[in-house]
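Read in order, the letters of the sequence shown are residues 1258 to 1409 in this note's numbering. Note that the Cβ used here is the ideal one computed from N, Cα and C, for glycine as well. Let me begin by presenting the structure, written as structure tokens, before commenting on it.
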Amino acid sequence: MKLSAFTDVCLRTIMVLATPGTGQLTSREISDSVGVPYNHVAKAVLELRTLGILQVTRGRNGGAALGDNALHTSLGGLLRQLDKRTDIVDCSEHDAQTACPLSGNCRLRAVFRQAREAFYASLDPLTIQDICPGSSASPITSLPFPMVRDFS
């Protein structure tokens, strides 16, 4: 199971904000600390705010901080909300001319859906707190960001 780059950025954002003593950070500060482009972090902050994980304050002294109950949020539940993909494999069309010849009798999609749900279920007992740094002595800095394909 591979997480999307967006989910990866969301998790990095949460981990940075959960570092003890961090407090409120701007999207630019988060971006600089994890080595991820600012626009990716800004989009992640917006989504995490919508999900209730982050509290965001606008303005000159603004920034993002973890919400009151964010550390107790189920990791499996959060990943389900962040993963917008409907299937692990794209069976809609394998080329522009013809539909997949196996689509009428294929059970692969159902098997992959079960596998993805088993992956999330294994993460359900874990909380965000379980994946976050335990002290400010080991802050998260400059994690390598996965290469994203250029679609141009």
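Item: Would you say T1270 and V1313 are within 9 Å of each other, going by their C-beta atoms?; Value: no
Item: Can you tell me which of the three DSSP states V1313 falls into?; Value: strand
Item: In this structure, what does DSSP give as the bridge partners for T1384?; Value: S1331
Item: Expressed to the nearest angstrom, what Euclidean distance is found between the alpha-carbon atoms of D1265 and G1333?; Value: 14 Å
Item: In chain order, what residues of the same chain lie with their CB nearer than 8 Å to the CB of R1306, ignoring the 5 residues before and after it?; Value: Q1312, V1313 and A1321
Item: Could you say which of R1315, R1373, R1317 and R1364 lies nearest to K1341 if we only look at CA atoms?; Value: R1373
Item: I need the boundaries of the beta strand (DSSP E) containing L1323, first residue and last residue.; Value: G1320 to L1323
Item: Would you kindly report the start and end of the unbroken alpha helix (DSSP H) that includes V1293?; Value: Premise fails: V1293 is in no alpha helix (DSSP H) and is neither H nor E.
Item: Tell me whether the beta-carbon of C1357 lies closer than 9 Å to the beta-carbon of A1275.; Value: no
Item: State the start and end residues of the unbroken alpha helix (DSSP H) segment that holds R1269.; Value: A1262 to A1275
Item: Is the beta carbon of I1385 less than 9 Å from the beta carbon of T1330?; Value: yes
Item: Do you know offhand how far V1238's Cα is from A1378's?; Value: There is simply no residue 1238 to check, as the chain begins at 1258 and stops at 1409 in what is shown.
Item: Using the rule of at least 16 other Cβ atoms within 10 Å of the residue's Cβ for burial, across every protein chain shown, is L1282 buried or exposed?; Value: buried
Item: Would you list the residues sitting across from L1282 in a DSSP beta bridge?; Value: A1321
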